[in-house]
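Trainee: My questions will all concern the structure given below.
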Amino acid sequence: MADSNSEALYSLIPSVDKILSHPRINALLGRYAQAVVKRILIATLNDLRNSIKKNQLTPEDLAFDSVVGRICEMAERRLRPNLQTLINATGVVVHTNLGRSPLSWKVAERILEIATSYSNLEYDVEKGKRGQRNSHLNSLIEELTGAQAILAVNNNAAAVLLALGTLAKGKEVIVSRGELIEIGGSFRIPEVMAQSGAILREVGATNRTHPRDYIQAINENTALILKVHTSNYRIVGFTREISLGELVEIGKEYKLPTMMDLGSGCLVDLSPFGLPDEVTVQDVLSTGIDIVSFSGDKLLGGPQAGILVGKEEYISLMGSNPLVRALRMDKMTLAGLEATLQEYISQVGPTGSIPTLAMISKSPDELMIDVQEITQALESELGDEAQISVEQGVGRVGGGALPMSDLIGPRVSIKPKVFSAARLESSLRKGNPAVITIVKEDSVLLDPRTFLYNQAQIVPRLIVDAFRRIRN
Ligand SMILES: *Cc1c(COP(=O)(O)O)cnc(C)c1O
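In my numbering, the protein residues as written are 1275 to 1746.
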């Protein structure tokens, strides 16, 4: 009986030719290569046959429109780009998992312009001959930081690798035990050191390192003294670290280059925004240190990059290391980095034009405007399905920067009444666009600090949709 039943079902499956003539499939063929659409069509028909074998289908499932609907759904799922934009409602500005720093449209347009054209990437237009990819940022970085030279590579991990591999291959690098850090995504100082071929010479104790510890470790095989920003953690209590001034003095006395891996690489004083602890690249360079490295997409607010600045003699040595070829940045990133640095000399200034810095500098009053817009919309849309309130939020800079600094401001708290906050959080992730939130106890929190453009206006609709998906 079951067999003749499935025989009957098999015969209901529409023919490939008939499916291909359906207007919705025709529309797919207008967008995607025919071979790709056909493969999806055949895979869907195979799925249907398997489901018939398992007795999972009714004749209605095999109706022509229903089969076409399945194919379109599968095509939609498989063929749309996987990388998607989403809304960051976590309040963590440089969110490592969500792409760190978003760029402004102005910077993105510059990338578009260079990407879609030929350019003087490695050509000297004046002399009419080969030019240097590294030369484009020189005068801008000198203007901004006073550095003699700059070399930009793929990311800061690459910058540190290049510096160590150039200056200390087979030789010793002195680092304090308190600075042997691991940053998320498996960047560990001892491991980068090993990869570069340099030999790690740890000095001091976890909580205290003195100038004499560095001095005692110096020998004829020492090549570099390195200081590392302990980006994502702090040692507090009975502590001592050597100042940059002391480091530079030791370097001068023993004729050794000194370097600081600064991590975030902030170019502006953030103390007016309640973040007093972050030293700027200029501050660090003014101590007389030889090399500073930092990321392009943390507090700088630009594209992913690793930036080495400092004394010409060391930067040019690194520039002629063959490793540069493997670590170099591409023209799009270079265009984005140059455009970002230009915002620092613009009339509006970086906190007005660079999204990362604009978010960090949002005032509680500015945030309150968004918070009220959202709470009012939700109260009228959700009625008694949820308890909506406003609470004091503590955002974070993120990206391993300023772990002890809170970004204070109001945020929205949504406590659903008939299901858990975890269900709401998960439903919000399935929206289009997805909204990424934080769950605290039995509430979902929305921090408008990390909203871009008009997102505060579209978020209420996405929340209402998320509630509807759970209800249905
Ligand atoms: C973030 C960070 C790095 C790694 O930088 P990427 O740009 O992510 O490669 C290295 N060192 C420090 C101190 C950092 O904070």
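A virtual CB, placed ideally from N, CA and C, is assigned to each residue, including glycine.
Predicted model, so just to flag it, every value in this text is computed and none were measured.
Going by the beta-carbon positions, is the gap between Arg1407 and Arg1602 smaller than 8 Å?
Mentor: Result yes, Cβ atoms of Arg1407 and Arg1602 sit closer than 8 Å.
Trainee: So Leu1752 and Leu1283 are in contact, right, with Cβ under 8 Å, and what is the actual spacing, rounded?
Mentor: Lying before the first or after the last residue shown, residue 1752 is absent from the chain, which here runs from 1275 to 1746.
Trainee: Between the alpha carbons of Met1606 and Gly1580, how many angstroms are there, rounded?
Mentor: Cα to Cα, the separation comes out at about 14 Å.
Trainee: Just to confirm, are Thr1614 and Ile1628 a CB contact at a threshold of 8 Å?
Mentor: Yes, Cβ-Cβ distance for Thr1614 and Ile1628 is below 8 Å.
Trainee: With which residues is Lys1237 paired in a DSSP beta bridge?
Mentor: Not covered by the structure: residue 1237. The range shown for the chain is 1275 to 1746.
Trainee: Under 7 Å: does the beta carbon of Asn1371 sit that close to some heavy atom of ligand 1?
Mentor: It does not: the Cβ of Asn1371 is nowhere closer than 7 Å to a heavy atom of ligand 1.
Trainee: Is it a yes or a no for the segment 1648-1663 touching the segment 1684-1692, going by three-plus beta-carbon pairs under 8 Å?
Mentor: They touch, by the three-pair rule.
Trainee: If we count the other Cβ atoms within 10 Å of its Cβ and call it buried at 16 or more, is Asn1362 buried or exposed?
Mentor: Asn1362 is buried by the Cβ-count criterion.
Trainee: Alpha helix (DSSP H) containing Ile1732: first to last residue?
Mentor: 1729-1745 is the span of the alpha helix (DSSP H), which, as asked, contains Ile1732.
Trainee: Cβ of Asn1394 within 7 Å of any heavy atom in ligand 1?
Mentor: Incorrect: Asn1394 has no Cβ contact closer than 7 Å to ligand 1.
Trainee: Taking 5 Å as the limit, tell me which residues put their C-beta closer than that to any heavy atom of ligand 1, in chain order.
Mentor: Every residue passing the under-5 Å Cβ criterion appears here: Asn1429, Asn1430, Ala1431, Ile1457, Phe1461, His1503, Ser1505, Asp1535, Gly1537, Ser1569, Gly1674.
Trainee: For a test of the three-state rule: what should DSSP assign to His1410, helix, strand or coil?
Mentor: Here His1410 sits in helix by DSSP.
Trainee: So the candidates are Lys1526, Asp1551, Ser1594, Asp1543; which of them puts its Cα closest to the Cα of Thr1561?
Mentor: Nearest C-alpha to Thr1561: Lys1526.
Trainee: List, from N- to C-terminal side, the beta strand (DSSP E) runs of 3 residues or more that fit wholly inside the segment 1567-1649.
Mentor: List check, beta strand (DSSP E) in window: 1580-1584.
Trainee: Which residues in the same chain as Lys1636 place their Cβ atom closer than 6 Å to its Cβ, once the five residues preceding and following it in sequence are excluded?
Mentor: These residues qualify, in order along the chain: Arg1723.
Trainee: Anyone know if the C-beta pair for Ser1672 and Val1367 falls short of 8 Å?
Mentor: It should be noted that the sequence gives Gly, not Ser, for residue 1672. Contact: yes.
Trainee: Is the CB-CB distance between Leu1582 and Ser1594 below 8 Å?
Mentor: No, Cβ-Cβ distance for Leu1582 and Ser1594 is not below 8 Å.
Trainee: Would you identify the three-state DSSP class for Ser1717, choosing helix, strand or coil?
Mentor: Of the three classes helix, strand and coil, the one that applies to Ser1717 here is strand, per DSSP.
Trainee: Could you check how far apart the C-beta atoms of Thr1740 and Gly1705 are, in whole angstroms? I think they sit under 8 Å.
Mentor: Checking the sequence, you will find Ala at residue 1740 rather than Thr. Sure, about 6 Å apart at Cβ, within 8 Å.
Trainee: Can Val1477 and Ile1455 be called in contact, C-beta distance under 8 Å?
Mentor: No, these two residues do not count as a Cβ contact at 8 Å.
Trainee: Do Glu1552 and Leu1544 have their CB atoms nearer than 8 Å?
Mentor: Cβ atoms of Glu1552 and Leu1544: closer than 8 Å.
Trainee: Okay, do the segment 1504-1519 and the segment 1373-1389 touch, 3+ Cβ pairs below 8 Å being the bar?
Mentor: Judged by Cβ distances under 8 Å, the segment 1504-1519 makes no contact with the segment 1373-1389, as fewer than three pairs qualify.
Trainee: Expressed to the nearest angstrom, what Euclidean distance is found between the alpha-carbon atoms of Asp1680 and Arg1462?
Mentor: C-alpha separation (whole angstroms): 25 Å.
Trainee: Report back the beta-carbon spacing between Gly1610 and Ile1385 to the nearest angstrom; my notes put them in contact at under 8 Å.
Mentor: So it is a contact: roughly 5 Å between Cβ atoms.
Trainee: State yes or no: is the C-beta of Leu1474 within less than 8 Å of the C-beta of Lys1501?
Mentor: It is not a contact, given that the beta carbons lie outside the stated cut-off.
Trainee: Just confirm the distance between the C-beta atoms of Ala1423 and Ile1589, as a whole number of angstroms; I'd bet it's less than 8 Å.
Mentor: With 8 Å as the limit, Ala1423 and Ile1589 qualify as a contact, their Cβ atoms being about 4 Å apart.
Trainee: Taking only three categories from DSSP, how would you classify Ser1687?
Mentor: Strand.
Trainee: With Leu1541 and His1410 assumed to form a contact (beta carbons below 8 Å), what rounded beta-carbon distance in angstroms separates them?
Mentor: Rounded, the Cβ-Cβ distance is 18 Å, inconsistent with contact.
Trainee: What does the alpha-carbon distance come out to for the pair Met1592 and Pro1464?
Mentor: Met1592 and Pro1464: Cα-Cα distance of roughly 20 Å.
Trainee: Helix or strand or just coil, what does DSSP make of Ala1660?
Mentor: It is a strand residue.
Trainee: Following the continuous alpha helix (DSSP H) through Ser1295, name the residue where it begins and the one where it ends.
Mentor: Neither: Ser1295 is in no alpha helix (DSSP H) and is coded neither H nor E.
Trainee: Alpha carbon to alpha carbon, what distance is there between Ile1682 and Gln1469?
Mentor: About 40 Å.
Trainee: Could you check where the alpha helix (DSSP H) with Val1522 kicks off and where it finishes?
Mentor: Counting along the chain, the alpha helix (DSSP H) containing Val1522 begins and ends at 1518-1527.
Trainee: Can you say whether Tyr1727 is buried or exposed, counting buried as having 16 or more other CB atoms within 10 angstroms of its CB?
Mentor: With fewer than 16 Cβ atoms within 10 Å of its Cβ, Tyr1727 is classed as exposed.
Trainee: DSSP state of Lys1704, grouped into three classes?
Mentor: Looking at Lys1704 - three-state DSSP - the assignment turns out to be coil, as it is neither helix nor strand.
Trainee: Within 10 angstroms of its Cβ, does Thr1480 collect 16 or more other Cβ (buried), or is it exposed?
Mentor: By the neighbour-count rule (16 or more Cβ atoms within 10 Å), Thr1480 is not buried but exposed.
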